[in-house]
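For the record, the sequence lines run as chains A and B.
Quick note, in this note's numbering, the first sequence goes up one by one and the last residue is 1016.
Quick note, in this note's numbering, the second sequence goes up one by one and the last residue is 1016.
These notes are about the structure you will find just below.
Number of protein chains: 2
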Amino acid sequence: MDWFIAVPVLGIVGLLFAVGTYLFVLRYNPGNERMRLIASEIHKGAMVFLRREYQVIAIFMIVVSSLLAVFVSPYTALAYLFGGLSSMLAGFFGMKAATRSSGRTCQGAIDGGRPRALFIAFMGGSVMGITIAALGVFGVGVLFLITHDPVVITGFAFGASSIALFARVGGGIYTKSADVGTDLVGKVEAGIPEDDPRNPGVIADNVGDCVGDTAGMGADLFESYVGSVIATIALGATGKEPFKLMLYPILLIALGLIASMLGVLSINLFKKIKPQSALRFTIYVSGVIFIVAAYLASKMLFGDLKVFISLVAGLVVGVLIGIESEYFTSGRPIIELAHASESGPATTLITGLAIAFQSTILPVITIALGVVVAYYFSGLYGVAISAVGMLATIGVVMSTDSYGPIADNAGGIAEMSHAGPEIRKITDELDALGNTTAAIGKGFAIGSAALTALALFSAYQQAVGLSMINLAAPLAVSGLFIGAMMPFAVASMTMKAVGRAANKMVAEIRRQFKEIKGLLDGNAMPDTGACIDIVTKAAIREMLLPGISAVVVPLVVGLLMGTEALGGFLAGATVSGLLVGVFMANGGAAFDNAKKWIEGGNLGGKGTPVHAAAIVGDTVGDPLKDTSGPSMNILIKLMSIVSLVTAPVLVKYGPRIAEFIKGLL
Amino acid sequence: MDWFIAVPVLGIVGLLFAVGTYLFVLRYNPGNERMRLIASEIHKGAMVFLRREYQVIAIFMIVVSSLLAVFVSPYTALAYLFGGLSSMLAGFFGMKAATRSSGRTCQGAIDGGRPRALFIAFMGGSVMGITIAALGVFGVGVLFLITHDPVVITGFAFGASSIALFARVGGGIYTKSADVGTDLVGKVEAGIPEDDPRNPGVIADNVGDCVGDTAGMGADLFESYVGSVIATIALGATGKEPFKLMLYPILLIALGLIASMLGVLSINLFKKIKPQSALRFTIYVSGVIFIVAAYLASKMLFGDLKVFISLVAGLVVGVLIGIESEYFTSGRPIIELAHASESGPATTLITGLAIAFQSTILPVITIALGVVVAYYFSGLYGVAISAVGMLATIGVVMSTDSYGPIADNAGGIAEMSHAGPEIRKITDELDALGNTTAAIGKGFAIGSAALTALALFSAYQQAVGLSMINLAAPLAVSGLFIGAMMPFAVASMTMKAVGRAANKMVAEIRRQFKEIKGLLDGNAMPDTGACIDIVTKAAIREMLLPGISAVVVPLVVGLLMGTEALGGFLAGATVSGLLVGVFMANGGAAFDNAKKWIEGGNLGGKGTPVHAAAIVGDTVGDPLKDTSGPSMNILIKLMSIVSLVTAPVLVKYGPRIAEFIKGLL
């Protein structure tokens, strides 16, 4: 077991790799004074949001860890804090890197054109990607070195989940209310271009891109990553060869981390080719290295390939869901949707919703088949391993994801610093690619969330000692119904939250245009800080209700209706969350891309009624794809993990409460 | 048992009651020549659609009954044809009454004002309501008299389901494509009022109201009604006192039929009061009579009230879901939605979707609690009885439902025959009430569909001999996922179908406006038949894919993945269908009513940008509430009943196929 120390050490190596990349990016020329000023405002805005968000989360974490210490175990409470702090650290560091890289990406476009800009943006994004992967390997490695008790290790995943919840929901509300509010007054009412420096909301909008797509997505994937590994450990602990089965997922993510670092470095080989292919190739490089290494590791550890096949099933599911998302958000459906805009906004919406409904069919079948295959070869453990397989190379996948907001912000900085149309053209191109990686990333995130939730769901069953969740029993059916309703409830809360927060933003921007003399003529500076403040406060307030519901409702169901009903509840929530999540992610992206296709000069292009109809679709799709949809990922994982962590409490107090209720009747 | 002959006889009495009501309405003055002409065109159009639809259905029924005769039993095949023909007869007769009543309702408004118009419209609607209730009592009564074999009796429900599927989906596509197509060219492009006789699509639009809301709704509720009774019989057959348990639901619907007839007659007492209260009171009269009678029957049959409590649970669920639907489609949420239209169509849509998501919370909790209570007192049998309780007074509930399209068409006839504004005001008022009863009816329909589907689901488990559907087993989980996806797939198909059919309608109306000289000046007649023909053909073609999927997919899942996976599949489909169905029904109605509230002079009223934004919402909501949403009811019931009826086939061939697949691997 002595050699196992190498795993946490590898985690530290990964962290050093990320720090090195960060310093490397920092050494690049940050551009002229105006560019530096704007970049620093975005940086400050993002840090303000993170700091305030973390303050609220800290209170939440202290409450939860105290409860864990009393009701479950003090070690679980410590692991919980460790997981939460790791996710916060990743978010903090990744955001720092992202906001520092966007100005440099713009400068890179000026100095060395598209290849250099792509390189800097990708390197900046890889700080978040590798940090997440490295912290996961380090955290799980250290905990496994100290204890082999799944109950303790689960606390780490719960900590990661708590942060993910607030980061995803809060970040999602922030990014969309800033975006919608800024565009409504700026583009629509005042008629000034996107990212125009006269718009008081524009910095908040740019901050939002980082807050939502970098910090939110990072925390989300970190949760899936850690959650899938820990569910596998929990399931492995009761298997035939517990040590090997528990060790295996940790080895896999260690190998995945190495593969990811090599993949990130391989961007040096692909700088000159089409950006789309370059990003894809880094993922392929990591994928191939990982598969070969995992093959050898499986062979050595188990002697056969059964578990390896389950692992590959997960990988294939991940790839297929990505392709399916790409088709529905950039293939023939987009053209169909754009043509629907020719008859106005109503037909745009009807067609877009129909496409969104349709886009759920293949991912659901893919996951259902993946689960069957993974189970066929290695049982419930195989289902959990398939999730690990999908997520092991998260380092490089997340790097391409967080590349997106950097490119997006580089475009904003180019616009605000008047860098000229040829620079803007490069950043636009890189930004468009970012939209595609974001759409694929969203498909990947919800798919991996569903597999992780299923893995956690299996671990939960084991933890509470359920040999079955019988849908022929009405309590389980009622649980299924209530669970399936939860995603609908959270969708409603988050959509309304965006509306309320955006309205406040609209009022503030209108006020500034009216009260600050000379603002629209460019003779006065807007008060960007006021906008950041408003949307920060609104996002933090609005994230509380959905967040607390996700933690409290499963507990209430488990205690009042019993562990079997809670099993039905989790199954219902997972399936409905997956459907709603895919519906929203693909629907939103389809609206966005149909609008972009029209803006590319098709069907009359910008400024036509067709374009106006497409903009309505895009505006509706925005909160779906960036706020409510991503919240589904967290919701289904968090509710599973709450159930898993509180299993001892449910088993202890549930029956007493049931007795009490029966006594009342 | 000799006395049981009274049950089918009561069914015949009910039918005679309906015929008497029909003749009574026919004796009323059908109005002047122009009114008679328009009414007869609507009548002809509706009959053309029904005839063509029934031709296609006849082929489907012959194929299915042949398969049933070979693979299940020839008696089941006969019962299947009996059930199908009953539903067709009810649809045919109810439609005839509805289309004959609308002109007379308009004349009633002229002769005796609002009270007389209300009376005629309600009497016309009651023909459908009582026919459905009477045919159910007659059909189930006759079958139970001949055989006590649930396998045979189930065929009757399957027959009713097959018709319901096509009537609901085909009718839904018809009504919305006619509506959208007619309005897009008439109101929006040509700027002529709604129901203007110059519009070639206007007759098709009026036909559509009957086809969707009368024939479609009738077939839907007939299916629930029959399905819930038959599921109860199937469950009762294996109980402790099978005869009593099988007899009980039949007695209940017999009592419900009597209560409904008395309720319909009670409208004579309420003619002078507010129409809204009058309709409600007829339901209350029936409800009270039914509850008292059911109480006595339960006491006599079982000696205790356990089953009666389960029955009441179903009734309470029905009432609560109605109230919840009413709140979300006419309460505070409507005002909130109307205010969202002040910021344009995008915020209208976001808010409307958020309200639609939110509106699922209470109905799901209501049903989940109802199931738990019903089960607590009398097991799975109690769950089925709760559905019967909700549906027993269907005669009067359906009467208030089919009153709606009659009032709507009376308004159309008033407009087209230039009856004057004071008459139009009366019909508008009655029509507005029809919209409310329609929204409540939709909530009732989906709620009863969910309970019926659960009852059928329980009966299915028993039929295939499943003591459990274990969600800890991945085949059941995969089934759950695929089942939950089905409502999303059917939603997509039906929404796209409306789009395609509406486009054809738009092209035809544009062509007529262009090619028929003098049409817009009122000097030439439009070719209304061509529009009816187009939309009839389109609806029938488009209903096939969703229809056949609903029958084939559960069979494929059952045969390939086994009966337990099919159990998961049905549970997933039921919960997701309920959620999507409520989402669509309430969302659509909320959009509609927010628009109407603005049209009532609020927020600036008609012709303002606020109104324009609300119209976009209403247009998006239309196919949701009238096509895709109602399809969910049928989908979840039909898939359960297909599984129940084909249980012997699944049990026989499923394991062989599983062996074969394992052999391949």
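Note that beta-carbon positions come from the ideal geometry of N, C-alpha and C, so glycine has one too.
Predicted, not measured: the structure shown is a model, and the values here were computed from it.
Which chain B residues are close to residue i, counting only those with a beta carbon under 7 Å from its beta carbon?
i, result
"residue 926(A)", "831, 832, 835, 923"
"residue 700(A)", "700, 971"
Closer than 8 Å by beta-carbon distance: list the chain B residues that pair up with residue i, in chain order.
i, result
"residue 918(A)", "822, 823"
"residue 754(A)", "None at all; the shortest Cβ gap to chain B is about 29 Å."
"residue 1025(A)", "No statement about residue 1025(A) is possible, as the shown extent of chain A runs from 352 to 1016 and does not include it."
Is the CB-CB distance between residue i and residue j below 7 Å?
i, j, result
"residue 477(B)", "residue 750(B)", "yes"
"residue 764(A)", "residue 453(A)", "yes"
"residue 998(A)", "residue 735(A)", "no"
"residue 755(B)", "residue 534(B)", "no"
"residue 338(A)", "residue 890(A)", "For chain A, the structure presents residues 352 to 1016; residue 338(A) sits outside this window and is missing."
"residue 485(A)", "residue 570(A)", "no"
"residue 602(B)", "residue 644(B)", "no"
"residue 795(A)", "residue 638(A)", "no"
"residue 987(B)", "residue 924(B)", "yes"
"residue 428(B)", "residue 373(B)", "no"
"residue 558(A)", "residue 393(A)", "yes"
"residue 731(B)", "residue 586(B)", "yes"
"residue 641(A)", "residue 632(A)", "no"
"residue 908(A)", "residue 693(A)", "no"
Step through the CB atoms of chain A and report whether any lies within less than 7 Å of the CB of residue i.
i, result
"residue 813(B)", "no"
"residue 795(B)", "no"
"residue 1045(B)", "Missing from the structure shown is residue 1045(B); chain B here goes from 352 to 1016 and no further."
"residue 526(B)", "no"
"residue 930(B)", "yes"
"residue 722(B)", "yes"
"residue 846(B)", "yes"
"residue 478(B)", "no"
Closer than 7 Å, CB to CB, is residue i near chain B or not?
i, result
"residue 978(A)", "no"
"residue 719(A)", "yes"
"residue 708(A)", "yes"
"residue 967(A)", "yes"
Measuring straight from C-alpha to C-alpha, what distance separates residue i and residue j?
i, j, result
"residue 957(B)", "residue 965(B)", "10 Å"
"residue 482(B)", "residue 371(B)", "11 Å"
"residue 466(A)", "residue 780(A)", "12 Å"
"residue 837(A)", "residue 531(A)", "26 Å"
"residue 361(B)", "residue 748(B)", "19 Å"
"residue 518(B)", "residue 567(B)", "5 Å"
Closer than 9 Å by beta-carbon distance: list the chain A residues that pair up with residue i, in chain order.
i, result
"residue 818(B)", "821, 823"
"residue 805(B)", "825, 828"
Taking 6 Å as the cut-off, is the C-beta of residue i nearer than that to any heavy atom in the ligand FAD?
i, result
"residue 807(A)", "Although the ligand FAD was asked about, the structure shown includes no ligands whatsoever."
Can you pull the chain A residues whose beta carbon is under 8 Å from the beta carbon of residue i, in chain order?
i, result
"residue 711(B)", "836, 839, 840"
List, in order along the chain, the chain A residues whose C-beta lies closer than 7 Å to that of residue i?
i, result
"residue 726(B)", "825"
"residue 974(B)", "701"
"residue 716(B)", "833"
Shorter than 7 Å from the beta carbon of residue i to some beta carbon of chain E?
i, result
"residue 1011(B)", "The structure shown contains no chain E; the protein chains it does contain are A and B."
Handout entry: Three-pair Cβ contact test at 8 Å for the stretch 379-397 of chain B versus the stretch 502-518 of chain B
Key = Not touching, per the Cβ criterion.
Pairing CB atoms from the stretch 829-843 of chain A with CB atoms from the stretch 916-925 of chain A, are three or more of them under 8 Å? As far as the Cβ criterion goes, the stretch 829-843 of chain A touches the stretch 916-925 of chain A, which means the pair count is three or higher.
- Examine the Cβ distances between the stretch 881-899 of chain A and the stretch 399-414 of chain A and report whether three or more of them are shorter than 8 Å. Yes, they touch.
**Study point:** Any 3 or more C-beta pairs closer than 8 Å across the stretch 486-497 of chain B and the stretch 772-788 of chain B
**Key:** No, they do not touch.
Inset, instruction - Check whether the stretch 979-986 of chain A touches the stretch 931-945 of chain A, counting contact only when three or more Cβ pairs, one atom from each stretch, lie closer than 8 Å. - result: As far as the Cβ criterion goes, the stretch 979-986 of chain A touches the stretch 931-945 of chain A, which means the pair count is three or higher.
For the structure I just gave you, are there three or more beta carbon pairs, one from the stretch 835-849 of chain B and one from the stretch 704-714 of chain A, closer than 8 Å? Result yes; three or more Cβ-Cβ pairs closer than 8 Å.
*asked:* Whether or not the stretch 540-558 of chain B and the stretch 456-475 of chain B are in contact is what I'm after, with contact meaning three or more pairs of Cβ atoms, one per stretch, closer than 8 Å; do they touch?
replied: No, the stretch 456-475 of chain B is not in contact with the stretch 540-558 of chain B.
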